[in-house]
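Working notes for the structure below.
In this note's numbering, the protein residues as written are -11 to 238.
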């Protein structure tokens, strides 16, 4: 089973923690994207990144000194978003981290696919960014089938815990015979399941942690998830959509 999650915009460099276990699978492609970014003006980059002046300045400076082969942080420990806070890798046992190294892929607009211990450096490039490179109109075209082919090569079941922006880079390209499911975390309101952004991120991170601690191997382990008030809802689910409902506190 392979788990797919999205990255986070906010990143950090941690050279005092775990050492990386090699470079990302698509390191050369990341170097190509870096070269394209460094050709752009600060104004073009800010438009691409859709960010504030302060964040743009910070990332323009990062680009000037960016080295994809030195002073790297394991990917799982480099991202700082809500999802990663609830995954809490810093307090996972070694056995759980080993499980994630073999079963978790972090999707990335810049690096493509990342295993948890792949060495990365802070960057800013979302999968949905309109970056034209090598005759491709955007990053979805740039990555093409590469990410899905790599995921499928090691999978008997794919669990999609990524946002639509990122899962779109993999799911449509998977072999149709490869079993997969997308998790939905929501609350039922007026007969409709509604997702809330922050709660979804929390639940996705906690699901990854749950499976790592239990060495999860398939749908039964996924459906047993019971954290943050969420429970699996068979009546709302299908073979490819696992719905977890949280009791509405209102």
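Positions of the beta carbon are idealized from the N, C-alpha and C atoms, including for glycine.
{"Query": "Which of helix, strand or coil DSSP assigns to residue 45", "Result": "helix"}
{"Query": "Nearest to residue 62 (by Cα), restricted to the options 6, 26 and 117", "Result": "6"}
{"Query": "Contacts around residue 209, its chain only, beta-carbon distance under 7 Å, and the 5 residues preceding and following it disregarded", "Result": "199 and 202"}
{"Query": "Cut-off 7 Å between Cβ atoms - residues of its own chain near residue 238, not counting five sequence neighbours on either side", "Result": "With a pLDDT of 47 at residue 238, under the threshold of 50, the modelled position of this residue cannot be trusted, and the question is left open."}
{"Query": "DSSP state of residue 176 mapped onto helix, strand, coil", "Result": "strand"}
{"Query": "Cβ-Cβ separation, residue 99 to residue 18 (assumed contact under 8 Å), whole Å", "Result": "5 Å"}
{"Query": "Alpha helix (DSSP H) runs wholly inside the region 54 to 80, at least 4 long, in chain order", "Result": "63 to 66 and 70 to 75"}
{"Query": "Cα-Cα separation, residue 173 to residue 183", "Result": "6 Å"}
{"Query": "Bridge partner(s) assigned by DSSP for residue 170", "Result": "148 and 229"}
{"Query": "Beta-ladder partner(s) of residue 239, from DSSP", "Result": "Since the first and last residues shown for the chain are -11 and 238, residue 239 lies out of range."}
{"Query": "Simplified DSSP assignment, three categories, for residue 3", "Result": "coil"}
{"Query": "Residues bridged to residue 250 (per DSSP)", "Result": "Any question about residue 250 goes unanswered here, given that the chain covers just -11 to 238."}
{"Query": "Residues that DSSP places opposite residue 107 in a beta bridge", "Result": "62"}
{"Query": "Paired residues, beta bridge with residue 219 - DSSP", "Result": "233"}
{"Query": "Residue 9 vs residue 115 beta-carbon contact at 9 Å", "Result": "no"}
{"Query": "Beta-carbon separation (whole angstroms), residue 155 vs residue 144, contact threshold 8 Å", "Result": "Actually they do not touch by this definition, with Cβ atoms about 18 Å apart."}
{"Query": "Buried versus exposed call for residue 146 [16 or more other C-beta atoms within 10 Å across all chains shown]", "Result": "buried"}
{"Query": "C-beta contact flag for residue 192 and residue 136 at 9 Å", "Result": "no"}
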